[in-house]
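Chemist: The sequence shown begins at 82 in our numbering and counts up one residue at a time.
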Amino acid sequence: MNRYIVCIISLLFLLFYCKTTKKELVETEDKKQANILFIAVDDLRPELNFYGANHIQSPNLDKLAGESLVFNRAYCNIPVCGASRASLMSGARPTRKRFIDAKTKIHEDYPGVVSLPMLLKQNGYQTISNGKIYHSGNDDAEAWNEIYKAPAKWNYALPESQDIRKNTKRGLPFEMAEVHDSVYRDGKLALKVIKDLKKLKQSNQPFFLTMGLSRPHLPFTAPKKYWDMYDSNSIQLPESYVQPESTPKQAFHRYGELRQYENIPKKGHLSDDLAKELIHGYYACVSYIDAQIGLVLDELKRLELEEDTIVILWGDHGWNLGDHKLWCKHVTFETALRTPLLIKVPGKTKGKKTEAITEYIDVYPSLVELVGLEAPDTVEGKSFVPIINGEKPKKEWAVSKFKDAVTFIKGDLFYTEWTKDDGIAYARMLFDHKTDPLELDNLAEKLEFKELVASLSKELHEKWGEDFLPKN
Ligand SMILES: [Ca+2]
Numbered sequence: 082m083n084r085y086i087v088c089i090i091s092l093l094f095l096l097f098y099c100k101t102t103k104k105e106l107v108e109t110e111d112k113k114q115a116n117i118l119f120i121a122v123d124d125l126r127p128e129l130n131f132y133g134a135n136h137i138q139s140p141n142l143d144k145l146a147g148e149s150l151v152f153n154r155a156y157c158n159i160p161v162c163g164a165s166r167a168s169l170m171s172g173a174r175p176t177r178k179r180f181i182d183a184k185t186k187i188h189e190d191y192p193g194v195v196s197l198p199m200l201l202k203q204n205g206y207q208t209i210s211n212g213k214i215y216h217s218g219n220d221d222a223e224a225w226n227e228i229y230k231a232p233a234k235w236n237y238a239l240p241e242s243q244d245i246r247k248n249t250k251r252g253l254p255f256e257m258a259e260v261h262d263s264v265y266r267d268g269k270l271a272l273k274v275i276k277d278l279k280k281l282k283q284s285n286q287p288f289f290l291t292m293g294l295s296r297p298h299l300p301f302t303a304p305k306k307y308w309d310m311y312d313s314n315s316i317q318l319p320e321s322y323v324q325p326e327s328t329p330k331q332a333f334h335r336y337g338e339l340r341q342y343e344n345i346p347k348k349g350h351l352s353d354d355l356a357k358e359l360i361h362g363y364y365a366c367v368s369y370i371d372a373q374i375g376l377v378l379d380e381l382k383r384l385e386l387e388e389d390t391i392v393i394l395w396g397d398h399g400w401n402l403g404d405h406k407l408w409c410k411h412v413t414f415e416t417a418l419r420t421p422l423l424i425k426v427p428g429k430t431k432g433k434k435t436e437a438i439t440e441y442i443d444v445y446p447s448l449v450e451l452v453g454l455e456a457p458d459t460v461e462g463k464s465f466v467p468i469i470n471g472e473k474p475k476k477e478w479a480v481s482k483f484k485d486a487v488t489f490i491k492g493d494l495f496y497t498e499w500t501k502d503d504g505i506a507y508a509r510m511l512f513d514h515k516t517d518p519l520e521l522d523n524l525a526e527k528l529e530f531k532e533l534v535a536s537l538s539k540e541l542h543e544k545w546g547e548d549f550l551p552k553n
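1) If histidine 361 and serine 321 are in contact, beta carbons under 8 Å, what's the gap, nearest whole angstrom?
2) Only counting the same chain, and skipping five residues up and downstream in sequence, which positions put a Cβ closer than 7 Å to that of lysine 463?
3) Quick check on DSSP: helix, strand or coil for glutamine 114?
4) Leaving out five residues before and five after alanine 372 in sequence, what residues of the same chain have Cβ atoms less than 8 Å from its Cβ?
5) Taking only the alpha-carbon atoms, compute the straight-line gap between glutamate 529 and methionine 170 and give it to the nearest angstrom.
6) Just checking my contact of alanine 155 with threonine 497 at CB under 8 Å: how many whole Å lie between their CB atoms?
7) I'd like to check one pair, tyrosine 363 with phenylalanine 414: are the Cβ atoms closer than 8 Å?
8) Straight-line CA distance for glutamate 540 to glycine 546?
9) Using DSSP with H/G/I as helix, E/B as strand and the rest coil, what is proline 551?
10) Can you tell me whether DSSP reads glutamate 380 as helix, strand or coil?
11) Closer than 7 Å by C-beta to aspartate 548: which residues in its own chain qualify, once you throw out the five before and the five after it? Chain order, please.
12) List the DSSP bridge partners of glutamine 207.
13) To the nearest angstrom, how far is it from the Cα of alanine 231 to the Cα of alanine 121?
14) Between Gln283, Thr291, Cys366, which lies nearest to valine 274 when the distance is taken from Cα to Cα?
15) Taking the continuous alpha helix (DSSP H) assigned at arginine 166, which residues delimit it?
16) Who are the near neighbours of proline 551 in its chain, counting only those whose CB is closer than 8 Å to its CB and skipping five residues on each side?
17) Smallest Cα separation from aspartate 277: which of Gly337, Ile159, Ile209?
18) For leucine 451, which residues of its own chain have a beta-carbon under 7 Å away from its beta-carbon, when the five flanking residues on both sides are left out?
19) Regarding aspartate 397 and ligand 1, is the C-beta to nearest heavy atom distance less than 7 Å?
20) In its own chain, which residues sit with a C-beta less than 8 Å from the C-beta of leucine 384, not counting the 5 before and 5 after it?
21) Less than 7 Å between the CB of aspartate 221 and some heavy atom of ligand 1, yes or no?
22) Let me know the secondary structure DSSP gives glycine 268 once reduced to three states.
23) Under a Cβ-count criterion, where at least 16 other Cβ atoms within 10 Å of its own Cβ denotes burial, should threonine 516 be classed as buried or exposed?
24) Among Gly375, Leu407, Trp395, Thr328, which has the Cα closest to the Cα of leucine 351?
25) Helix, strand or coil, according to DSSP, for lysine 544 in the structure here?
26) For the structure I just gave you, are there three or more beta carbon pairs, one from the segment 233-244 and one from the segment 327-335, closer than 8 Å?
27) Per DSSP, what are the beta-bridge partners of proline 304 in this structure?
28) I'd like to check one pair, glutamate 436 with asparagine 153: are the Cβ atoms closer than 8 Å?
29) Quick check on DSSP: helix, strand or coil for asparagine 470?
30) To the nearest angstrom, how far is it from the Cα of asparagine 130 to the Cα of alanine 146?
31) Could you tell me whether the Cβ atoms of phenylalanine 119 and isoleucine 393 are closer together than 8 Å?
32) Quick one: is the Cβ of histidine 361 within less than 7 Å of any heavy atom of ligand 1?
33) Should glutamate 108 be labelled buried (16 or more other beta-carbon atoms within 10 Å of its own) or exposed?
34) Might you give, ordered along the chain, the residues of its own chain that have their beta carbon closer than 7 Å to the beta carbon of lysine 347, omitting 5 neighbours on each side?
35) Sorted by chain position, which residues of the same chain lie with C-beta nearer than 6 Å to arginine 251's C-beta, five sequence neighbours on each side aside?
36) State the start and end residues of the unbroken beta strand (DSSP E) segment that holds lysine 434.
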C-alpha cells in the first residue's frame, strides 16, 4: 500500500515538473534576444567627465556612463581608423600583414572571416549600418540588411567652406556656423537612427542598430552654440606639450593628417594660438556629438526599448590633442591607444568603473555572449562579461601596434618595441605610469631596467599573435 502511494506521488511530481519545464521553455522561446545599439565615435579620446577630465560638456554621455560599466583602461589594438574598426568587428588582432591602415577593408585582409554583424544577422538580427562603422561604406556589405552613409559634403555648413573644400585636398580644419544641428552630417545621422528605432520597435526581430559618428574627427565643424560653450581664453595647452630627448624619434610623427587641411603650416610646430583653436574646436565637436547621441538615447527611452537594449559606445582610437606636441593618432603613446568604452546592460550595469585592462578585440566575444551566441574560432579576444558580473577578468594585459611599433600594456607598464620582419628590436620605449603617467621619461635604455625590458620583450613576443611574424 505504502509503495502504491509513493508511486502516485512520484507520478504527480513528474507531471508537474514536466509541465513547469515546458512552460519555462516556451517563455524562453518567445522572448526576443536583446537588441544592441552600437555607437562608434570617430577619433573620440577619453577626455570626458566620467574619466575625470571635467572641462568638456557632455551631459548625455555622462548620463549614459551613469547607467553603464565604464572601462577606464580600454585600448584599441591599432590607432588608425579602418584597421581598428576591422579588428574590432572581426575580433582578430592586427598583425604585420593584416589590418594595417586607414583604408583597411575587413575581407580584403581576412577573407571569409565572420564579422560581428554577420554573426548576428545569421542568428536572426536585423543589422543596420548607419554612418561610419567601417571606414569604407560598402565594406562587409553582406553583413547588413541596410547601409546608410550621411554625405561627406555635410562636413561643412557654410557655402564658402564648401567651395574651399571642393577646390582643395581636405578643406578648412574648422568651422563655426549658426545653423541647426541637423545641417551637419551627424545631426542627419541622428535623425536616421531615430527613424530606424521607430521602425524596429514594430519588428519581431532583435536588432543590431549602429550609429557611426563622424566628429570629433577633423574637420572640427559644429554649430556655433557648441563653440560658445567654451571660453577660448581658458583653453590650456597640455602639460605634456614637449618631445623629450630620451624618447625614440620613431615614436613621433609630423601629423601629416592635420597638415592636409588649409591654413595649417606644412612644417614645424603649430603656434600656441592655432593649437588652442584646434583644442577649442575638438571640445565643440564632442559637445555636438554628445547632443546627437542624446537625441537617440531619448528616443530609445520614449519607445520603451531601453529595458531590451544593450548600449555600447566606443571611440575607434585615442587622439593627441597637443600631447607630446603631437596632433592626430598614428603613434603608440597612451594618448593614441587609450579609448572611451562603455557598455550598458539593462539590469546589470549601474554606473560602475573598472580598472581591468580591455582590448578592442574583446568587444565581439562579449556582445555575442551577452545575447547567448557563440563566437567563431577566428575571434582572438576574450569576453569581458565576467567583469560586468563583478568577477575576475579573463586576461590582464593588452597588445596594440602601429606600423613597426608594438606596445605591450600590463599593470602600470607600457612597453613599445620597434621591429621589422625578423622580430629584432631596433628601438624601445618603456614608461611606468605609476611614476610617469604623461610618458615623458623613457626607461628602456637605462641600465637598471635591462632585466625588466628583457622580460617584457619576451612576453610581448608571446602575446602579439601567432601570425605576427611571417612564417618561414
Ligand atoms: Ca578614427
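The beta-carbon is built from N, C-alpha and C at its ideal position, and this holds for glycine as well.
What you are looking at is a predicted structure, and each value in this text was computed from that prediction instead of being measured.
Modeler: Answer, in terms of the structure:
1) 19 Å between Cβ atoms; not a contact.
2) Asp443, Pro446, Lys475, Lys476
3) coil
4) Asn141, Asp262, Tyr307
5) 41 Å
6) About 18 Å; that fails the 8 Å criterion.
7) no
8) 11 Å
9) coil
10) helix
11) Thr176
12) Phe288
13) 14 Å
14) Thr291
15) 162-171
16) Arg177, Lys178, Asp502
17) Ile209
18) Ala115, Ile391, Val426, Val466
19) yes
20) Leu278, Lys279, Lys282
21) no
22) helix
23) exposed
24) Leu407
25) helix
26) no
27) Ala258
28) yes
29) coil
30) 10 Å
31) yes
32) no
33) Confidence in glutamate 108 is poor, its pLDDT being 37 and thus under 50, which makes the residue's placement too unreliable to answer from.
34) Arg340
35) Gln341, Tyr342
36) 433-435
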